[in-house]
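Before any comments, here is the structure.
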Amino acid sequence: KNEVEQSPQNLTAQEGEFITINCSYSVGISALHWLQQHPGGGIVSLFMLSSGKKKHGRLIATINIQEKHSSLHITASHPRDSAVYICAVRGGGADGLTFGKGTHLIIQP
Amino acid sequence: NAGVMQNPRHLVRRRGQEARLRCSPMKGHSHVYWYRQLPEEGLKFMVYLQKENIIDESGMPKERFSAEFPKEGPSILRIQQVVRGDSAAYFCASSPRRTASGNTIYFGEGSWLTVV
């Protein structure tokens, strides 16, 4: 069974700061997802990664398969980025995702 | 192209009643996944269905919970004789093909069940 650990659990930063959220997993995977959830809201898929790096606007996601580690970066953070960011992994051959507990991000103006 | 639609968004049930949660996948998607998010806990996989078939129900509680995805109509997650511990957010997700093959997944807005 895969264990997914995220850090930090909570993060408060000032608008404009560069944000990094980390995710480590214990067993080899076929893909890793970064998800965003606003309070009381739905879940939005930000990235799906199996190797390397992806960029979308101010968001960058990287993955190191050998080290079993991924990072989500937010450049020029804004209060609207305040949300819970969740890392989820899919093991080879498995359909269900295994989730981290999420990182609660607050960006203050 | 509408996204994954879940209803109801919020549902209140008394202990012992039944709860039915519906999920209409994105157009063209025949693979549906249900996840549960308990208060202060992370999301947990419950069940994976493809039209008319349950493919993986390894995350479903053994009793009171069932899921279906009929040929016509939405997928339904049914919880019989609800208890307070069933209070949670239930998320549905869909994909056009099996996610184990490397396809992305789209989530709905969730259904929040409160058992009183």
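Top line first, the protein sequences correspond to chains A and B. First residue of the first sequence? That's 3 in our numbering, and the numbers climb one at a time after it. First residue of the second sequence? That's 3 in our numbering, and the numbers climb one at a time after it. We treat Cβ as the ideally placed atom computed from N, Cα and C, and that holds for glycine. Note that the coordinates shown come from a computational prediction; the quantities given were computed from them, not determined experimentally.
Would you say residue i and residue j are within 9 Å of each other, going by their C-beta atoms?
{"i": "Gly-87 of chain B", "j": "Val-49 of chain B", "result": "no"}
{"i": "Glu-7 of chain A", "j": "Ile-109 of chain A", "result": "no"}
{"i": "Ser-53 of chain A", "j": "Gly-93 of chain A", "result": "no"}
{"i": "Gln-11 of chain A", "j": "Thr-77 of chain A", "result": "no"}
{"i": "Gln-8 of chain B", "j": "Arg-24 of chain B", "result": "yes"}
{"i": "Leu-45 of chain B", "j": "Leu-99 of chain A", "result": "yes"}
{"i": "Tyr-35 of chain B", "j": "Asp-97 of chain A", "result": "yes"}
{"i": "Met-28 of chain B", "j": "Pro-72 of chain B", "result": "no"}
{"i": "Gln-39 of chain A", "j": "Ala-85 of chain A", "result": "yes"}
{"i": "Ser-113 of chain B", "j": "Pro-10 of chain B", "result": "yes"}
{"i": "Ile-23 of chain A", "j": "Ser-73 of chain A", "result": "yes"}
{"i": "Tyr-27 of chain A", "j": "Lys-56 of chain A", "result": "no"}
{"i": "Leu-115 of chain B", "j": "Val-85 of chain B", "result": "no"}
Under DSSP, the beta strand (DSSP E) around residue i begins and ends at which residues?
{"i": "Asp-58 of chain B", "result": "55-58"}
{"i": "Ser-32 of chain A", "result": "31-39"}
{"i": "Ala-90 of chain B", "result": "90-97"}
{"i": "Ile-65 of chain A", "result": "61-66"}
{"i": "Met-48 of chain B", "result": "45-52"}
{"i": "Arg-15 of chain B", "result": "12-15"}
{"i": "Val-86 of chain A", "result": "85-93"}
Relative to the C-alpha of residue i, which candidate in the options has its C-alpha closest?
{"i": "Tyr-87 of chain A", "options": "A:Gly-98, A:Gly-54, A:Lys-103, A:His-80", "result": "A:Lys-103"}
{"i": "Asn-55 of chain B", "options": "B:Ile-78, B:Phe-47, B:Glu-65, B:Lys-29", "result": "B:Ile-78"}
{"i": "Phe-109 of chain B", "options": "A:Ile-45, A:Lys-70, A:Gln-38", "result": "A:Ile-45"}
{"i": "Gly-18 of chain B", "options": "B:Ile-81, B:Gly-112, B:Ser-60, B:Asp-58", "result": "B:Ile-81"}
{"i": "Gln-68 of chain A", "options": "A:Pro-41, A:Glu-17, A:Gly-30", "result": "A:Gly-30"}
{"i": "Glu-70 of chain B", "options": "B:Ile-107, B:Ala-91, B:Gln-52, B:Gly-61", "result": "B:Gln-52"}
So is residue i buried or exposed if we call it buried at 16+ other beta carbons inside 10 Å?
{"i": "His-58 of chain A", "result": "exposed"}
{"i": "Ser-26 of chain B", "result": "buried"}
{"i": "Arg-38 of chain B", "result": "buried"}
{"i": "Val-6 of chain B", "result": "buried"}
{"i": "His-35 of chain A", "result": "buried"}
{"i": "His-12 of chain B", "result": "exposed"}
Give the residues from the region 46-59 of chain A that approach chain B closer than 8 Å (Cβ to any Cβ), ordered along the chain.
Val-46, Ser-47, Met-50, Ser-52
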